[in-house]
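Student:
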Amino acid sequence: METLLKIKLIDGIFGQKDAKEVITQLLNENLNFHIRKNFDSTIKSGIPNVVSVERIEELKNEITRIMTYFNQDSVLDRKFSIEAVIHLQPLEKE
Numbered sequence: 001m002e003t004l005l006k007i008k009l010i011d012g013i014f015g016q017k018d019a020k021e022v023i024t025q026l027l028n029e030n031l032n033f034h035i036r037k038n039f040d041s042t043i044k045s046g047i048p049n050v051v052s053v054e055r056i057e058e059l060k061n062e063i064t065r066i067m068t069y070f071n072q073d074s075v076l077d078r079k080f081s082i083e084a085v086i087h088l089q090p091l092e093k094e
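Numbered according to our numbering, the sequence shown spans residues 1 to 94.
1. What residue does the beta strand (DSSP E) around V85 start on, and which one ends it?
2. Just verifying my parser: in three-state terms, what is the DSSP assignment at L31?
3. Just to confirm before moving on: does the CB-CB distance between L26 and I10 stay below 9 Å?
4. Output the boundary residues of the beta strand (DSSP E) element that contains L9.
5. Nearest by alpha-carbon distance to I66: which of A19, H34, G15 and G46 is it?
6. Can you tell me whether H34 sits near the ligand SAM, meaning its C-beta is under 8 Å from at least one heavy atom of the ligand?
7. So Q16 packs on D73, CB below 8 Å; how close in whole Å?
8. Which class does Q72 belong to by DSSP, given the choice of helix, strand or coil?
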């Protein structure tokens with residue numbers, strides 16, 4: 001069994017509009033995951049999920065950054081190379 005799994009998530013060249021959409025959709029999916037996780041934790045235990053609360057803020061900031069980046073005049077009508085690889089590796093049991 002492989003111990004390290006590499007998943008090629010994104011690998012391509014995109015126009016400005018598609019590049020912005022691909023990245024923001026991924027960030028929004030991750031954001032929604034943490035919003036749901038935090039909501040579930042708060043409902044079940046009355047305690048927010050600290051990791052999710054932190055990630056929610058980080059992801060909101062990243063979405064703002066990417067929107068600002070793609071709204072710059074210098075990147076309008078440009079092509080973008082995007083590569084994203086997920087490295088999945090099991091950790092030692094605690």
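Even glycine gets a Cβ: it sits at the ideal position worked out from N, Cα and C.
Note that the structure is predicted; figures quoted are calculated from it, not measured.
Tutor: Once the coordinates are examined:
1. Working through the sequence shown from its first residue, we reach residue 85 at position 85. According to the DSSP assignment, V85 belongs to the beta strand (DSSP E) that extends over K79 to L88.
2. Reading the sequence shown from its first residue, position 31 is the one you call residue 31. Helix at L31.
3. The residue you call residue 26 lines up with position 26 of the sequence shown. The residue you call residue 10 lines up with position 10 of the sequence shown. Less than 9 Å divides the Cβ of L26 from the Cβ of I10.
4. What you label residue 9 is simply residue 9 of the sequence shown in a count that begins at 1. It spans L5 to G15 - the beta strand (DSSP E) in which L9 sits, taken as one unbroken run.
5. Indexing the sequence shown from 1 puts residue 66 at position 66. Taking only the C-alpha atoms, the option nearest I66 is A19.
6. Among the components of this structure there are no ligands whatsoever, and the ligand SAM is therefore not found.
7. In the sequence shown, residue 16 corresponds to position 16, counting from 1. In the sequence shown, residue 73 corresponds to position 73, counting from 1. Cβ atoms of Q16 and D73 stay farther apart than 8 Å, at about 11 Å.
8. Working through the sequence shown from its first residue, we reach residue 72 at position 72. Coil.
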